[in-house]
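Undergrad: If you scroll down you'll find the structure; I have some questions about it.
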Amino acid sequence: MSLLTDFSIWLGQTPLSAAVTGYDWLVPALQVVHILAIAALLISAIHINLRAIGLLEREILLAEISTRFLPVLWVALGTLAFTGFLLIASEPNRAIFRTVFWIKLALALFATMATASQSRLAETAHVHRLLALGALVGWALVIFAGRWIAYADPWVGAPG
Ligand code: HEM
5 MSLLTDFSIW LGQTPLSAAV TGYDWLVPAL QVVHILAIAA LLISAIHINL
55 RAIGLLEREI LLAEISTRFL PVLWVALGTL AFTGFLLIAS EPNRAIFRTV
105 FWIKLALALF ATMATASQSR LAETAHVHRL LALGALVGWA LVIFAGRWIA
155 YADPWVGAPG
């Protein structure tokens with residue numbers, strides 16, 4: 005807890021934080037990029053996982069669909085991490101001290117691993133479809149948690 009507090013105070017005093025908050029339009033612009041990256045990520049994740057379930061493009065091999073869409077997922081994820089970090093730098097206390105933010109990151113890790121591992125599993129494996137379903141639910145929950153950050157209460161005793 006105190007490590008996070010120290011990190012939050014340090015980040016809020018960096019030139020990066022001053023730069024992001026120095027322009028009124030920058031935080032909304034970062035949010036727009038964050039949302040566009042979510043769209044790109046979802047297009048990729050939905051394609052891979054619906055193909056794994058067998059509801060989409062069944063005539064194309066899952067490995068081929070993964071090869072086509074995974075690069076989009078990695079670029080989108082990198083963009084989300086970058087814009088997400090800048091959003092945190094703009095107001096460090098806002099996300100860091102809310103449980104839902106950490107739940108969101110854990111869910112994103114699970115959904116990423118589940119989506120990326122699809123091409124390595126045998127297409128006939130039962131776990132294959134279950135994992136794809138889990139990944140789709142996981143991505144939906146990541147979005148829910150992302151929106152919830154704005155409405156959740158911070159931890160008791162968190163810096164204001
Ligand atoms: C990978 C690292 C990520 C970081 C560090 C991050 C961080 C953040 C932060 C700080 C916010 C602003 C919350 C607020 O102040 O209200 C946010 C919003 C949001 N994030 Fe992320 N995020 C990440 C990835 C993702 C992913 C993978 C998704 C979904 C696929 C996602 C979906 C959202 C949504 C839906 C919002 C609300 C946007 C809005 O209302 O404008 N994020 N994120």
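If you're matching positions, the sequence shown starts at 5 in my numbering and goes up one per residue. Idealized CB from N, CA, C, for every residue including glycine.
(1) How about A49 and S123: are their beta carbons less than 8 Å apart?
(2) In chain order, what are the residue ranges of uninterrupted beta strand (DSSP E) at least 3 long that sit wholly in the stretch 86-154?
(3) On the three-state DSSP scale, how would you describe P158?
(4) Shortest alpha-carbon distance to D157 belongs to which of L15, N97, T25?
(5) Note down, in chain order, each residue of its chain lying with its Cβ closer than 6 Å to the Cβ of F114, except the 5 sequence neighbours on either side.
(6) Quick one: does the C-beta of A156 sit closer than 7 Å to a heavy atom of the ligand HEM?
(7) To which residues of the same chain is R55 closer than 6 Å at the C-beta, ignoring the five residues directly before and after it?
TA: In this structure, then:
(1) The Cβ atoms of A49 and S123 lie no closer than 8 Å to each other.
(2) Listed in chain order, nothing qualifies, since the stretch 86-154 has no complete beta strand (DSSP E) run of 3 or more residues.
(3) coil
(4) N97
(5) G142
(6) no
(7) Answer for R55: E61, L66, I69, listed in chain order.
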